[in-house]
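Enquirer: My questions will all concern the structure given below.
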């Protein structure tokens, strides 16, 4: 089944919501790991309740649940690195690093799907690396935050490719439930180690305040349960690369929202914006190049 214009409009709305998550995460008083714990925990509870009400089956074969659980672990670390990068540096740096997800997808998807690597994707990936180099040169003080964001982008690309495979076989709600549950358990085990050895604080779980709880509900129900389930459902009709291509609008939406909300605190050097524009430009040139390649191939036939 081919994707419709409505599918792509829905995908853009989801990406807008994801662009807002960095702002929500930064506004919370609890650590990045605790944000992920409560986000995934509440999301798992909400999606389970929805499945019970709708009488949807929780029964998947053991191998599928194991694979989804491992993907949940990847998601947990992706979100942790994403929120942590926004705190170590700022929202703009975090979102610029996330723009590399398409490059990572171009390398990961052929390995997972056993398809040949497309030279144009690798070439555009090198352009993305050039954009990152410019950002590093002008924003060296934010190098750690950008590195965490790039690692987060790699994990985002990995779980997108894995989910594209699941979406063809299983219900998006079941996939989301098992992945959120596994992500919650994984981050719960990680928090004591993280706080003891990296934050040098008590190895305990933070208790959110009233404002935090309100933001957790938005983050869990709207930006996770709805957005995540809807994105998995869209992957039945849209390729993983096309999804990640659209996801690269996340930094555009997020950086603009951050500038509107935080003003000068989110303003960066000109080099940062040049590098970010190179990354986004490379990403959005892909469909144009692919369209021309298809036209040439059709003309030859």
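Residue numbers (full-length UniProt numbering): 1 to 301.
Ideal placement from N, C-alpha and C gives every residue a C-beta, glycine not left out.
(1) Looking only at C-alpha atoms, which of 100, 146 and 135 sits nearest to residue 122?
(2) Looking only at its own chain, which residues have a Cβ that is under 7 Å from the Cβ of residue 158, when we skip the five neighbours before and after it?
(3) Ends of the alpha helix (DSSP H) at residue 43?
(4) Could you pull the start and end residues of the alpha helix (DSSP H) that residue 87 belongs to?
(5) By a C-beta neighbour count over all protein chains shown, 10 Å radius and 16 as the cutoff for buried, is residue 215 buried or exposed?
(6) What three-state label does DSSP hand residue 208 in the structure shown?
(7) Taking contact to mean 3 or more Cβ pairs, one atom from each stretch, closer than 8 Å, check whether the stretch 180 to 189 and the stretch 6 to 22 are in contact.
(8) Along the chain, which unbroken stretches of the alpha helix (DSSP H) at least 4 residues long are found entirely within the stretch 146 to 201?
(9) Excluding the 5 residues preceding and the 5 following residue 78 in the sequence, name in chain order all residues of the same chain whose CB lies nearer than 6 Å to its CB.
(10) Relative to the C-alpha of residue 228, which candidate in 178, 81 and 209 has its C-alpha closest?
(11) Assuming residue 184 and residue 37 form a contact by the criterion Cβ under 8 Å, report the distance between their Cβ atoms to the nearest whole angstrom.
(12) Applying the 10 Å Cβ sphere with the 16-neighbour rule, what's the burial state of residue 131?
(13) Between residue 22 and residue 208, what straight-line distance do the alpha-carbon atoms span, to the nearest angstrom?
(14) Can you name, in chain order, every residue of its own chain whose Cβ lies under 7 Å from the Cβ of residue 148, other than the five neighbours on each side?
Expert: Result, derived from the coordinates:
(1) Counting from one through the chain shown, the residue named residue 122 turns up at place 122. From the listed residues 100, 146 and 135, the smallest Cα separation to residue 122 is found for 100.
(2) Numbered from its first residue, the chain shown carries residue 158 at position 158. Cβ within range, chain order: 74 and 108.
(3) Translated into the one-based positions of the chain shown, residue 43 becomes position 43. Looking at the DSSP string, the run of the alpha helix (DSSP H) that includes residue 43 is 32 to 53.
(4) Taking the first residue of the chain shown as 1, we reach residue 87 at position 87. Residue 87 -> alpha helix (DSSP H) spans 62 to 88.
(5) The residue you call residue 215 lines up with position 215 of the chain shown. With 16 or more other CB atoms across the displayed protein chains lying within 10 angstroms of its CB, residue 215 is buried.
(6) The residue given as residue 208 occupies position 208 in the chain shown. In the structure shown, residue 208 sits in coil (DSSP, three-state: anything other than H, G, I, E or B).
(7) Contact fails: fewer than three Cβ-Cβ distances are below 8 Å.
(8) Fully contained in the stretch 146 to 201 are the following alpha helix (DSSP H) runs of length 4 or more, in chain order: 172 to 197.
(9) Within the chain shown, numbered from 1, the residue matching residue 78 stands at position 78. Closer than 6 Å at Cβ, skipping near neighbours: 152, 155 and 156.
(10) To locate residue 228, count along the chain shown from 1; it is residue 228. Relative to residue 228, the option among 178, 81 and 209 whose CA is nearest is 178.
(11) Looking up residue 184 in the chain shown gives position 184. Looking up residue 37 in the chain shown gives position 37. A Cβ-Cβ separation of about 6 Å places residue 184 in contact with residue 37 under the 8 Å criterion.
(12) Here residue 131 refers to the residue found at position 131 when the chain shown is read from its first residue. Buried, because 16 or more other Cβ atoms sit within 10 Å of the Cβ of residue 131.
(13) Your numbering for residue 22 matches position 22 in the chain shown. Your numbering for residue 208 matches position 208 in the chain shown. Roughly 17 Å separates the two Cα atoms.
(14) Sequence index remark: in the chain shown, residue 148 carries index 148 (1-based). Around residue 148: 81, 84, 85 and 88.
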